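Numbering (mature numbering (1 follows the signal peptide of the UniProt record, and there is no 0)), first residue to last: -25 to -1, 1 to 354.
Quick reminder that beta carbons are idealized off the backbone N, C-alpha and C, glycines included.
Since this is a predicted model, take the numbers as computed values, not measurements.
Beneath this line is the structure, given in structure tokens, with notes to follow.
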């Protein structure tokens, strides 16, 4: 079916969540609060032929959403009267005339030419948007947008071949990001899981010195990354192992790491829940069958000690993969999701906590990744 005959939809769910802290102590045991499900969504249509919404962010004024899409651009939504406009792009986007590249170009070839932005995160004080581009490395663009500046393409002499998640210390401005593999690119992401590749790295960029430091190497598929509310540690989603890793930044354990939580599915992104814990979005459940119960796990809230606090579930017929969730920031209380298929994408705005997307075949289901400022869920 021709892409030109389709109108792509991006759905961002702005949801109000009443997340009550729990005293549960078990690592990943029964849910202690009522699972989140359901309802109201409003669809924002992307321009024709634009697909692959991956990450969503809101700036310090609450403007947006800003969305990274598969053709290498960051789009900004300006409201009903304005719609979606190009906000930012990599230097290679203009150099390689990517605005005229046919969508039929193989994914790997298009992405390597034009870039594939994944993680998005604003630094509130400066208004700068940091972009983790799978192929171009770590980039930054100012509040006015335009051509992004490439900040890093290597770390310790090793190329950033699969840059993925990003977060910003809002106090120091230091940027933490992940490289999922030094062996495979984003187009080969399935091989990272299949082979058990452990060449991933956790990295830090210092904007004052422009220096990139390798905090931890030999990591198995590091994906989403989040700095804790007290700035003492990082929590990193390990997609293949289905775990959360804690890396200490301060205190007597600084520079060390430990397992933080075992998860019931394959995690993508992780963000603070403003209560000392974290929301983790799941690509899919670890032992999910294509038949049986009608609902499946989309995201899970983990407490400060790694205990399970809350589930988010959705019907299998409408939701296959959930990859991102965040609470907090300028848009506190907002929750968003982006969904995308080969011929359709969606992002819903609503007042509840349910992911909603059309019942597409499994291979065309949504894969949204990063978030920004706000309570954001991607499914």
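Can you check DSSP and say which residues form a bridge with residue 154? Locating residue 154 in the chain shown gives position 179, where the first residue counts as 1. According to DSSP, which records beta bridges pairwise, residue 154 is partnered with 138, 176.
Note down the Cα distance separating residue 134 from residue 187, rounded to an integer number of angstroms. Here residue 134 is taken as the residue at index 159 of the chain shown, counted from 1. Here residue 187 is taken as the residue at index 212 of the chain shown, counted from 1. Roughly 12 Å between the two C-alpha positions.
Could you give the C-beta distance for residue 109 and residue 91, rounded to a whole number, given that I count them as a contact under 8 Å? What you label residue 109 is simply residue 134 of the chain shown in a count that begins at 1. What you label residue 91 is simply residue 116 of the chain shown in a count that begins at 1. The Cβ separation is near 4 Å, so the contact holds.
Taking the continuous beta strand (DSSP E) assigned at residue 208, which residues delimit it? As a position in the chain shown, residue 208 is number 233, starting the count at 1. Per DSSP, residue 208 belongs to the beta strand (DSSP E) from 208 to 213.
According to the Cβ coordinates, are residue 219 and residue 277 closer than 8 Å? Position 244 of the chain shown, counted from the first residue, corresponds to residue 219. Position 302 of the chain shown, counted from the first residue, corresponds to residue 277. The answer is yes: Cβ separation under 8 Å.
Quick one: residues in its chain with C-beta nearer than 7 Å to the C-beta of residue 234, no 5 flanking neighbours on either side, listed in chain order? Translated into positions along the chain shown, residue 234 becomes position 259. Correct list, in chain order: 218, 220.
Pick from 245, 49, 71, 143: whose alpha carbon is nearest that of residue 281? On the chain shown, residue 281 is found 306 positions in, with the first residue counted as 1. Nearest of 245, 49, 71, 143 to residue 281, Cα basis: 245.
If residue 182 and residue 148 are in contact, beta carbons under 8 Å, what's the gap, nearest whole angstrom? Sequence index remark: in the chain shown, residue 182 carries index 207 (1-based). Sequence index remark: in the chain shown, residue 148 carries index 173 (1-based). The Cβ separation is near 5 Å, so the contact holds.
Along the chain, where does the beta strand (DSSP E) that runs through residue 161 open and close? If you number the chain shown from 1, residue 161 lands on position 186. Per DSSP, residue 161 belongs to no beta strand (DSSP E) and is neither H nor E.
Can you tell me whether residue 167 is helix, strand or coil according to DSSP? Numbered from its first residue, the chain shown carries residue 167 at position 192. Residue state, collapsed to three classes: helix.
Grab the span of the alpha helix (DSSP H) containing residue 66 for me, first residue to last. For the purposes of this step, residue 66 is taken as the residue at position 91 of the chain shown. Here the alpha helix (DSSP H) through residue 66 covers 66 to 70.
Using a threshold of 8 Å, state whether the C-beta atoms of residue 155 and residue 105 are closer than that. On the chain shown, residue 155 is found 180 positions in, with the first residue counted as 1. On the chain shown, residue 105 is found 130 positions in, with the first residue counted as 1. Cβ distance not < 8 Å, so residue 155 and residue 105 don't count as in contact.
What residue range is occupied by the uninterrupted beta strand (DSSP E) comprising residue 85? Taking the chain shown and counting its residues from 1, the one referred to as residue 85 is at position 110. From DSSP, residue 85 is part of no beta strand (DSSP E) but of the alpha helix (DSSP H) over 82 to 89.
Residue 185: buried (16+ other C-beta within 10 angstroms of its C-beta) or exposed? Taking the first residue of the chain shown as position 1, residue 185 is located at position 210. Under the 10 Å beta carbon count, residue 185 is surrounded by fewer than 16 other beta carbons and is classified as exposed.
Tell me the rounded alpha-carbon separation between residue 146 and residue 288. Within the chain shown, residue 146 is the residue found at index 171, counting from 1. Within the chain shown, residue 288 is the residue found at index 313, counting from 1. When rounded, the distance between both Cα atoms is 34 Å.
Whether residue 247 touches residue 192 by CB criterion (8 Å): As a position in the chain shown, residue 247 is number 272, starting the count at 1. As a position in the chain shown, residue 192 is number 217, starting the count at 1. 8 Å or more divides the Cβ of residue 247 from the Cβ of residue 192.
Could you work out which residue in 199, 227, 286, 208 is closest to residue 239 when comparing CA atoms only? Position 264 of the chain shown, counting from 1, holds the residue named residue 239. When only C-alpha atoms are compared, the closest one is 286.
Within 10 angstroms of the Cβ of residue 138, are there 16 or more other Cβ atoms? Answer buried if so, exposed if not. Counted from its first residue, the chain shown places residue 138 at position 163. Taking all protein chains in view, the Cβ of residue 138 is crowded by 16 or more other Cβ atoms within 10 Å, so the residue is classified as buried.
Any heavy atom of the ligand FMN closer than 7 Å to the CB of residue 115? The model on display carries no ligand, and the ligand FMN is accordingly not part of it.
Give a yes or no on whether the C-beta atoms belonging to residue 69 and residue 23 are separated by under 8 Å. As a first step, residue 69 is located in the chain shown; it is residue number 94 there, counting from the start. As a first step, residue 23 is located in the chain shown; it is residue number 48 there, counting from the start. With respect to the 8 Å criterion, residue 69 and residue 23 are not classified as neighbours on the basis of their beta carbons.
Taking its Cβ as the centre, do 16 or more other Cβ atoms sit within 10 Å of residue 131, making it buried, or is it exposed? Counted from its first residue, the chain shown places residue 131 at position 156. Per the 10 Å Cβ criterion, exposed.
Alpha-carbon spacing of residue 169 relative to residue 159, whole angstroms: Position 194 of the chain shown, counted from the first residue, corresponds to residue 169. Position 184 of the chain shown, counted from the first residue, corresponds to residue 159. As the crow flies, the alpha-carbon of residue 169 is around 12 Å from that of residue 159.
Using a threshold of 8 Å, state whether the C-beta atoms of residue 237 and residue 256 are closer than that. Locating residue 237 in the chain shown gives position 262, where the first residue counts as 1. Locating residue 256 in the chain shown gives position 281, where the first residue counts as 1. Going by C-beta atoms, residue 237 is not nearer than 8 Å to residue 256.
Could you give the uninterrupted runs of the beta strand (DSSP E) lying entirely in the region 214 to 263, keeping only those of 3 residues or more? The region 214 to 263 contains these whole beta strand (DSSP E) runs: 218 to 223, 232 to 237, 240 to 247, 253 to 260.
Is it buried or exposed, residue 107, if we count other Cβ atoms within 10 angstroms and call 16 or more buried? Against the chain shown, residue 107 aligns to sequence position 132. Flag for residue 107 reads buried.
Spatial distance of residue 171 from residue 215 (CA atoms): Translated into the one-based positions of the chain shown, residue 171 becomes position 196. Translated into the one-based positions of the chain shown, residue 215 becomes position 240. Put simply, the backbone Cα of residue 171 is about 7 Å away from that of residue 215.
With H, G and I counted as helix, E and B as strand and the rest as coil, what does DSSP make of residue 188? If you number the chain shown from 1, residue 188 lands on position 213. In the three-state reduction of the DSSP assignment, residue 188 falls in the strand class.
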